[in-house]
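*Asks:* First the structure, which I've put down as C-alpha cells, then a few questions once you've had a look.
In this note's numbering, the protein residues as written are 1 to 154.
Here's what the structure looks like:
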C-alpha cells in the first residue's frame, strides 16, 4: 500500500487473497507427483518459480504483473514443497518424523537466509535486486536438484 503505487488497504487485502491461491495448487501438485513422480514435479515447480521471478522483475511495476507473478511464485514454491516432502517421506518410512524435522529445519533456515539476503538486495538494488536474488536461489535449487536428483525415489 505504498504511496508510490497509490494503492489503499483494499488492494493490500486483495494480495492476501491472491496468496491463498497457492494453497489451491496443493492437490494439483500432489496429483502431479503421483502421476509423474516427485523429480518431474519438482522440476516443473522450480521452473514456475523461475518464470515468476522473471515476470515480477519485468512486470512488477504493474498490478497485473504483480498478481500473476505472485500466483506463479506461490504455486511454484508450494508445489516444490509438496514434491520435496514426498521425496523425503519416501526415503525411510520408519524415520519420517526425524527426516521431516531435518527437512523443515532446512526449509525455514533457507527461508530466513532468503529474507535477510532479499532485504539486503532491496536496500542496495531495489526491486530488480530482489528478483535477481530470488532467481539465483531458484537456479541454485535447480542445479542441486539436477545434481542430487539423478534417481527417482518416489
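Note that beta-carbon positions come from the ideal geometry of N, C-alpha and C, so glycine has one too.
Counting along the chain, where does the alpha helix (DSSP H) carrying residue 93 start and finish?
*Replies:* First-last for residue 93: undefined, no H or E at that position.
*Asks:* Measuring only the C-alpha atoms, how far is residue 60 from residue 66?
*Replies:* Approximately 5 Å between the Cα atoms of the pair.
*Asks:* Looking at residue 39 and residue 106, is the spacing between their C-beta atoms short of 9 Å?
*Replies:* Contact flag unset, no.
*Asks:* Where residue 8 and residue 14 are concerned, what is the direct C-alpha to C-alpha distance, given to the nearest angstrom?
*Replies:* The alpha-carbon atoms of residue 8 and residue 14 are separated by roughly 10 Å.
*Asks:* By the 10 Å Cβ neighbour count, where 16 or more other Cβ atoms means buried, how is residue 1 classified, buried or exposed?
*Replies:* The predicted model places residue 1 with a pLDDT of 45, which falls under 50 and marks its position as unreliable; any figure quoted below should be read in that light. Burial call: exposed.
*Asks:* Looking at residue 25 and residue 46, is the spacing between their C-beta atoms short of 9 Å?
*Replies:* No, these two residues do not count as a Cβ contact at 9 Å.
*Asks:* Where does the unbroken alpha helix (DSSP H) through residue 12 begin, and where does it stop?
*Replies:* Its alpha helix (DSSP H) spans residues 9-24.
*Asks:* Which same chain residues, not among the five before or five after residue 135, have their C-beta less than 8 Å away from its C-beta?
*Replies:* Result list for residue 135: 50, 53, 54, 57, in chain order.
*Asks:* Is it true that the CB of residue 74 sits closer than 9 Å to the CB of residue 18?
*Replies:* Yes, Cβ-Cβ distance for residue 18 and residue 74 is below 9 Å.
*Asks:* Just list the alpha helix (DSSP H) runs in the stretch 45-116, keeping only unbroken ones of 4 residues or longer that don't cross its boundaries, in chain order.
*Replies:* As far as the stretch 45-116 is concerned, its whole alpha helix (DSSP H) runs of at least 4 residues are 63-91.
*Asks:* By DSSP, does residue 6 sit in helix, in strand, or in coil?
*Replies:* DSSP places residue 6 in coil when its eight states are reduced to three.
*Asks:* Exposed or buried, what is residue 86 when buried is set at 16 or more other beta-carbons lying within 10 Å of its beta-carbon?
*Replies:* Buried.
*Asks:* If you draw a straight line from the alpha carbon of residue 42 to that of residue 6, how long is it in whole angstroms?
*Replies:* Taking the straight line from one Cα to the other gives about 37 Å.
*Asks:* If you compare alpha carbons, which of 84, 104, 127 is closest to residue 142?
*Replies:* Checking every option, the nearest Cα to that of residue 142 belongs to 84.
*Asks:* Once you ignore the five residues that flank residue 33 on each side, which residues in its own chain have a CB closer than 6 Å to its CB?
*Replies:* The residues are 41, 83, 86.
*Asks:* For residue 129, does the three-state DSSP call read helix, strand or coil?
*Replies:* DSSP places residue 129 in helix when its eight states are reduced to three.
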